[in-house]
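**Student:** Residue numbers (my numbering): 1045 to 1275.
Ideal Cβ positions, reconstructed from N, Cα and C, are used throughout, including at glycine.
A single structure is presented below for examination.
Below, the structure written as structure tokens:
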């Protein structure tokens, strides 16, 4: 029974791996000297808290004590500075883009699966902030743009449409990331589809509290004015 179960797991994993073009772990183990530095670099890049840094440099105070305490662009907007929020959004997005595009050019496509996850994990759990980071939406968007720009544009467009209709940043992110794997599949991109699926899971996990507030009708809406409400 145990052997049959193990064989089934291996069989279905091989199908999953082939469908989404996930690199063989054996290649990673054997080539760790090549894979490890860019993966660590991607994590450290993702760990840079641009929102926190920019807010302090602009004299807006400690972002951890503003609004939700999150380090992302949505919370930076609560400082009342649209420019700071936009800059944070672009820089967080650039982290994701650089973490997949540069390794792809230097090492090939296999490495991007791991650097994509590493940069988003770095943003979610930054070593510089005792592993208390952001929600990872902008960084994940940058990853998808770096993998294939039509996928990134589709996800961004979805976010904007949902945000314009419902005015919930969290809901926009949840819907956009949930649809990302299907967009990648529709575009005929197997590896980005697999990466998008893992990123969607990470983003949804980080938005558990937002989902609870949405269900209770207590989630804060997007506002261009300064606010101290949690999100």
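Count the C-beta pairs between the region 1156-1167 and the region 1192-1202 that are closer than 8 Å, then say yes if the count reaches three, no if not.
**Tutor:** Between the region 1156-1167 and the region 1192-1202 there are fewer than three C-beta pairs closer than 8 Å, too few to call the two in contact.
**Student:** Are there three or more Cβ pairs, one per stretch, closer than 8 Å when the region 1175-1186 is compared with the region 1116-1126?
**Tutor:** In short, these stretches touch, since the Cβ pair count reaches three.
**Student:** Does the structure place the region 1185-1196 close enough to the region 1205-1214 that three or more beta carbon pairs sit under 8 Å?
**Tutor:** Cβ pair count under 8 Å is below three, so no.
**Student:** So, with DSSP's three-state summary, where would you put residue 1236?
**Tutor:** Reduced to three states, the DSSP call for residue 1236 is helix.
**Student:** How about residue 1214 and residue 1263: do their beta carbons lie closer than 8 Å?
**Tutor:** yes
**Student:** Going by DSSP in three states, residue 1251 sits in which element: helix, strand or coil?
**Tutor:** coil
**Student:** What three-state label does DSSP hand residue 1192 in the structure shown?
**Tutor:** Coil, per DSSP.
**Student:** Beta-carbon within less than 6 Å of residue 1228's beta-carbon, same chain only, minus the 5 sequence neighbours each way: which residues are those?
**Tutor:** Cβ neighbours of residue 1228 beyond the five flanking positions: 1195, 1236, 1237, 1240.
**Student:** Any idea if residue 1079 is buried or exposed, counting beta-carbon neighbours within 10 angstroms, 16 or more meaning buried?
**Tutor:** Counting the other CB atoms within 10 Å of its CB gives residue 1079 a total of 16 or more, which places it among the buried residues.
**Student:** Going residue by residue through the region 1072-1136, where are the continuous alpha helix (DSSP H) segments of at least 4 residues, counting only ones entirely within it?
**Tutor:** 1076-1090, 1094-1101, 1117-1120
**Student:** Between residue 1176 and residue 1231, what straight-line distance do the alpha-carbon atoms span, to the nearest angstrom?
**Tutor:** 34 Å
**Student:** Just how far apart, CA to CA, sit residue 1158 and residue 1083?
**Tutor:** Distance from the CA atom of residue 1158 to the CA atom of residue 1083, rounded to whole angstroms, is 6 Å.
**Student:** Which runs of the beta strand (DSSP E) at least 3 residues long sit entirely within the region 1205-1232? Give them in chain order.
**Tutor:** none
**Student:** Residue 1191: buried (16+ other C-beta within 10 angstroms of its C-beta) or exposed?
**Tutor:** buried
**Student:** Answer with buried or exposed for residue 1106, where buried requires no fewer than 16 other C-beta atoms within 10 angstroms of its C-beta.
**Tutor:** exposed
**Student:** Are the CB atoms of residue 1171 and residue 1091 nearer to each other than 8 Å?
**Tutor:** yes
**Student:** Are residue 1132 and residue 1098 closer than 8 Å when you measure CB to CB?
**Tutor:** yes
**Student:** When the Cα atoms are used, what is the spatial distance from residue 1111 to residue 1169?
**Tutor:** 19 Å
**Student:** Does DSSP classify residue 1153 as helix, strand or coil?
**Tutor:** coil
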